[in-house]
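Trainee: Chains as they are written, first to last, in this note's numbering: chain F, 23 to 312; chain W, 29 to 150.
Just passing along the structure, written as structure tokens.
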Ligand SMILES: Nc1nc2c(ncn2[C@@H]2O[C@H](COP(=O)(O)OP(=O)(O)OP(=O)(O)O)[C@@H](O)[C@H]2O)c(=O)[nH]1
Ligand SMILES: [Mg+2]
Ligand SMILES: [Zn+2]
Ligand SMILES: [Zn+2]
Ligand SMILES: [Zn+2]
Ligand SMILES: [Zn+2]
């Protein structure tokens with residue numbers, strides 16, 4: 023089991039409902055309490071603890087999100103091959119059903135834990151916590167968390183990751199950032215995957231996709247990747263990974279951690295409220311890209 | 029359907045707060061939800077009765093206050109309204125903006141009936 027942080031079960035709202043808690047009466051005599059906690063307070067709390075696990079082991083945790091089939095597992099397979107002997111990798115796989123993706127990763131000689139979410143269309147911090155305790159985090163530089171293929175709700179659940187990576191594959195069309203703003207706004211890196219298909223699907227305009235992304239006030243890097251064809255391209259992605267691993271190492275040396283540059287509202291609140299009862303790490307919210 | 033899991037999480041918090049106040053019933057729950065939170069208010073409304081059945085908040089009125097999307101421009105300093113997929117500054121068109129509101133997903137307040145002798149919390 024996991025050690026607890028010493029805060030009680032109401033870390034977020036305790037000081038608001040007690041002490042000088044804004045407790046008043048409505049005209050018809052009911053007690054009215056101003057709360058102001060995130061709806062996903064429990065999740066956000068667990069996510070905070072997951073991040074502490076990751077930081078304790080000095081590893082970089084990345085949350086990979088995309089629509090189903092955009093190429094997340096394929097990218098991981100190619101990445102494992104490319105970084106063999108350089109960086110140690112482990113993977114947590116989230117899917118509604120099957121062990122397939124974890125088996126694909128294990129076939130590359132890397133530890134992988136499969137989470138079968140059943141009916142849940144996203145991973146949450148509790149599921150990730152259960153999975154991370156099945157891994158030996160001491161021997162890992164990068165932990166990839168491949169989220170359930172879904173462009174909607176995974177963005178709302180903080181898992182404790184340091185960075186979000188969102189894939190947009192060429193066959194999906196270049197307007198996806200405009201149609202799924204919540205997801206694309208949350209990304210610290212957007213990868214245009216299956217870029218080898220650009221010559222075939224020539225109505226996909228990478229410049230237009232990037233413009234839609236910028237409309238979300240995002241200045242994060244937008245890079246192409248392909249694991250197939252002549253134009254096999256991985257280097258901007260691998261360089262980003264190396265830079266992030268190095269940055270995480272520097273943060274740990276300075277006793278700091280990082281969170282994705284855009285976080286679900288509740289996650290942001292939780293840090294503030296939690297800081298008073300428990301803090302091993304100062305949070306550094308880095309402006310990505312630039 | 030993550031709206032149901034969000035409702036469950038909401039009810040955990042509501043029950044906890046109600047218990048701390050030794051409330052008999054929760055009468056009203058006010059949420060504040062912005063379009064960039066990823067939560068759909070109508071879906072949440074639909075999921076609520078299912079999740080609340082049998083809890084202290086079973087008969088509570090659930091009100092959702094929408095939050096509007098507003099940005100602050102880093103380049104020119106203007107504050108302006110925006111839309112979920114166009115978070116640009118309305119006065120200079122820059123995309124170097126910070127969201128001021130629009131991604132809220134908050135439990136804002138609760139109204140509860142307390143027993144006569146317990147109108148003050150612990
Ligand atoms: N042409 C081309 N096809 C690709 C590329 N990357 C992945 N694919 C194909 O896309 C399909 C789906 O790839 P996966 O890696 O399983 O996608 P995923 O995002 O992990 O899918 P889910 O986990 O089910 O959401 C497979 O048939 C891959 O071979 C690429 O760079 N180019
Ligand atoms: Mg996969
Ligand atoms: Zn633990
Ligand atoms: Zn805690
Ligand atoms: Zn979901
Ligand atoms: Zn401006």
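All C-beta atoms, glycine included, are put in the ideal place defined by N, C-alpha and C.
Remember, it's a predicted structure, so these values are computed and weren't measured experimentally.
Would you say residue 237/F lies against chain B (beta-carbon separation less than 8 Å)?
Mentor: Looking at the structure shown, chain B is missing, and the protein chains on hand are F and W.
Trainee: Within a Cβ cutoff of 6 Å, which residues of the same chain sit near residue 6/F, ignoring the five residues on either side of it in sequence?
Mentor: The structure shown has nothing for residue 6/F, since chain F only spans 23 to 312.
Trainee: With DSSP as the reference, please indicate the residues paired to residue 117/F in a beta bridge.
Mentor: For this step, residue 117/F is matched to residue 95 along the first chain. Residue 117/F pairs with 138/F.
Trainee: In its own chain, which residues sit with a C-beta less than 6 Å from the C-beta of residue 43/F, not counting the 5 before and 5 after it?
Mentor: Walking along the first chain from the start, residue 43/F turns up at place 21. For residue 43/F, the predicted model reports a pLDDT of 43, less than 50, meaning its position is unreliable; a value from the coordinates is still stated below. Correct list: empty, nothing qualifies.
Trainee: Any heavy atom of ligand 5 closer than 7 Å to the CB of residue 124/W?
Mentor: Within the second chain, residue 124/W is the residue found at index 96, counting from 1. Not so, every heavy atom of ligand 5 lies at least 7 Å from the Cβ.
Trainee: When you compare the region 161-174 of chain F with the region 47-60 of chain W, are there three or more beta-carbon pairs, one atom per stretch, that lie closer than 8 Å?
Mentor: Output reads no: the region 47-60 of chain W does not touch the region 161-174 of chain F.
Trainee: Would you decide whether residue 204/F is buried or exposed? Buried here means 16 or more other CB atoms lie within 10 Å of its CB.
Mentor: On the first chain, position 182 is the one that residue 204/F refers to. With 16 or more Cβ atoms within 10 Å of its Cβ, residue 204/F is classed as buried.
Trainee: How about residue 39/W and residue 85/W: are their beta carbons less than 8 Å apart?
Mentor: Your numbering for residue 39/W matches position 11 in the second chain. Your numbering for residue 85/W matches position 57 in the second chain. Contact flag set, yes.
Trainee: Using a C-beta cutoff of 8 Å, does residue 37/W count as contacting chain F?
Mentor: Translated into positions along the second chain, residue 37/W becomes position 9. Answer yes: the Cβ-Cβ gap between residue 37/W and chain F drops below 8 Å somewhere.
Trainee: Return yes when the C-beta of residue 224/F is under 7 Å from any heavy atom of ligand 1, and no when it is not.
Mentor: Your numbering for residue 224/F matches position 202 in the first chain. Every heavy atom of ligand 1 is 7 Å or more from the Cβ of residue 224/F, so no.
Trainee: Would you grab the beta carbon distance between residue 60/F and residue 133/W for me? Rounded to a whole angstrom, and I think it's under 8 Å.
Mentor: For the purposes of this step, residue 60/F is taken as residue 38 along the first chain, with counting starting at 1. For the purposes of this step, residue 133/W is taken as residue 105 along the second chain, with counting starting at 1. Going by Cβ atoms, the distance from residue 60/F to residue 133/W rounds to 6 Å, so yes, they are a contact pair.
Trainee: Can you list, in chain order, the residues of its chain with a C-beta nearer than 7 Å to that of residue 36/W? Leave out the 5 residues immediately preceding and following it.
Mentor: Taking the first residue of the second chain as position 1, residue 36/W is located at position 8. Cβ within range, chain order: 79.
Trainee: Helix, strand or coil, according to DSSP, for residue 244/F in the structure here?
Mentor: Taking the first residue of the first chain as position 1, residue 244/F is located at position 222. In this structure, residue 244/F counts as strand in the three-state DSSP scheme.
Trainee: Cα separation between residue 284/F and residue 62/F?
Mentor: For the purposes of this step, residue 284/F is identified with residue 262 of the first chain, where counting begins at 1. For the purposes of this step, residue 62/F is identified with residue 40 of the first chain, where counting begins at 1. Computed Cα separation, rounded: 16 Å.
Trainee: Spell out whether any CB of chain F is found under 8 Å from the CB atom of residue 123/W.
Mentor: Looking up residue 123/W in the second chain gives position 95. Yes, contact with chain F.
Trainee: If we require 4 or more residues per run, which alpha helix (DSSP H) segments fall completely within the region 189-264 of chain F?
Mentor: Counting only runs of 4 or more, we get 198-201, 203-207, 228-236.
Trainee: Could you give the C-beta distance for residue 43/W and residue 83/W, rounded to a whole number, given that I count them as a contact under 8 Å?
Mentor: By 1-based counting over the second chain, the position of residue 43/W is 15. By 1-based counting over the second chain, the position of residue 83/W is 55. Between residue 83/W and residue 43/W the Cβ distance is about 6 Å, and since that is below 8 Å, they are a contact.
Trainee: Can you check which of these residues, 32/W, 65/W, 34/W, 140/W, is closest to residue 88/W by C-alpha distance?
Mentor: Residue mapping note: residue 88/W aligns to position 60 of the second chain, counting from 1. With distances taken between Cα atoms, residue 88/W lies closest to 140/W.
Trainee: Do you know how far the Cα of residue 51/F is from the Cα of residue 120/F?
Mentor: Translated into positions along the first chain, residue 120/F becomes position 98. Translated into positions along the first chain, residue 51/F becomes position 29. Between residue 120/F and residue 51/F, the C-alpha separation is close to 54 Å.
Trainee: Using the rule of at least 16 other Cβ atoms within 10 Å of the residue's Cβ for burial, across every protein chain shown, is residue 136/F buried or exposed?
Mentor: Numbered from 1 along the first chain, position 114 holds the residue referred to as residue 136/F. Classification for residue 136/F: buried.
Trainee: Could you name the residues of the region 53-69 of chain F whose beta carbon sits closer than 7 Å to any beta carbon of chain W, in the order they occur along the chain?
Mentor: The residues in question are 53, 54, 55, 56, 57, 58, 59, 60, 61, 62, 63, 64, 65.
Trainee: Strictly by DSSP, which residues pair up with residue 41/W?
Mentor: The residue you call residue 41/W lines up with position 13 of the second chain. Paired residues: none, contrary to the question.
Trainee: Near residue 98/F, which residues of its chain fall below 7 Å by C-beta distance, leaving aside the five closest residues on each side in sequence?
Mentor: Within the first chain, residue 98/F is the residue found at index 76, counting from 1. Excluding residues within five positions, the ones whose Cβ falls inside 7 Å are 113, 127, 166, 168.
Trainee: Check whether chain W comes within 8 Å of residue 138/F, counting only Cβ atoms and requiring the distance to be less than that.
Mentor: Working through the first chain from its first residue, we reach residue 138/F at position 116. Taking Cβ atoms only, chain W never reaches closer than 8 Å to residue 138/F, which makes this a no.
Trainee: Output needed in chain order: residues of the region 84-114 of chain W with a Cβ under 8 Å from some Cβ in chain F.
Mentor: Those residues of the region 84-114 of chain W that come within reach of chain F (Cβ to Cβ, closer than 8 Å) are 99, 112, 113, 114.
Trainee: When every heavy atom of ligand 1 is checked, does at least one fall within less than 7 Å of the C-beta of residue 140/F?
Mentor: Looking up residue 140/F in the first chain gives position 118. Residue 140/F Cβ: outside cutoff for every heavy atom of ligand 1.
Trainee: Can you tell me which residues form a DSSP beta bridge with residue 101/F?
Mentor: The residue you call residue 101/F lines up with position 79 of the first chain. DSSP, once it has assigned bridges, lists no residue as partnering residue 101/F.
Trainee: Do you know whose CA, among 89/F, 199/F, 214/F, 184/F, lies nearest residue 116/F's CA?
Mentor: As a position in the first chain, residue 116/F is number 94, starting the count at 1. Among 89/F, 199/F, 214/F, 184/F, the Cα nearest to that of residue 116/F is on 89/F.
Trainee: Which partner residues of residue 134/W appear in the DSSP bridge assignment?
Mentor: Your numbering for residue 134/W matches position 106 in the second chain. 60/F, 60/W.
Trainee: Going by DSSP, name the residue or residues bridged to residue 152/F.
Mentor: Within the first chain, the letter at position 130 stands for residue 152/F. According to DSSP, residue 152/F bridges with nothing at all.
Trainee: In angstroms with no decimal places, state the Cα-to-Cα distance between residue 81/W and residue 106/F.
Mentor: One-based indexing of the second chain puts residue 81/W at position 53. One-based indexing of the first chain puts residue 106/F at position 84. The alpha-carbon atoms of residue 81/W and residue 106/F are separated by roughly 53 Å.
Trainee: Since residue 168/F is in the beta strand (DSSP E), which residue starts that stretch and which ends it?
Mentor: Here residue 168/F is taken as the residue at index 146 of the first chain, counted from 1. Residues 164-168.
Trainee: Taking DSSP as the reference, what is the three-state secondary structure of residue 125/F?
Mentor: Working through the first chain from its first residue, we reach residue 125/F at position 103. If DSSP states are grouped into helix, strand and coil, residue 125/F belongs with the helices.
Trainee: Rank 182/F, 139/F, 83/F by C-alpha distance to the C-alpha of residue 30/W and give the top, closest one.
Mentor: Translated into the one-based positions of the second chain, residue 30/W becomes position 2. The option with the nearest alpha carbon to residue 30/W is 139/F.
Trainee: Please report the straight-line C-alpha distance between residue 234/F and residue 125/W, rounded to a whole angstrom.
Mentor: The residue you call residue 234/F lines up with position 212 of the first chain. The residue you call residue 125/W lines up with position 97 of the second chain. The alpha-carbon atoms of residue 234/F and residue 125/W are separated by roughly 15 Å.
Trainee: Give, in chain order, every residue of the region 117-142 of chain W whose Cβ lies closer than 8 Å to some Cβ of chain F.
Mentor: Those would be 123, 124, 125, 126, 127, 131, 132, 133, 134, 135, 136, 137, 138, 139, 140, 141, 142, in chain order.
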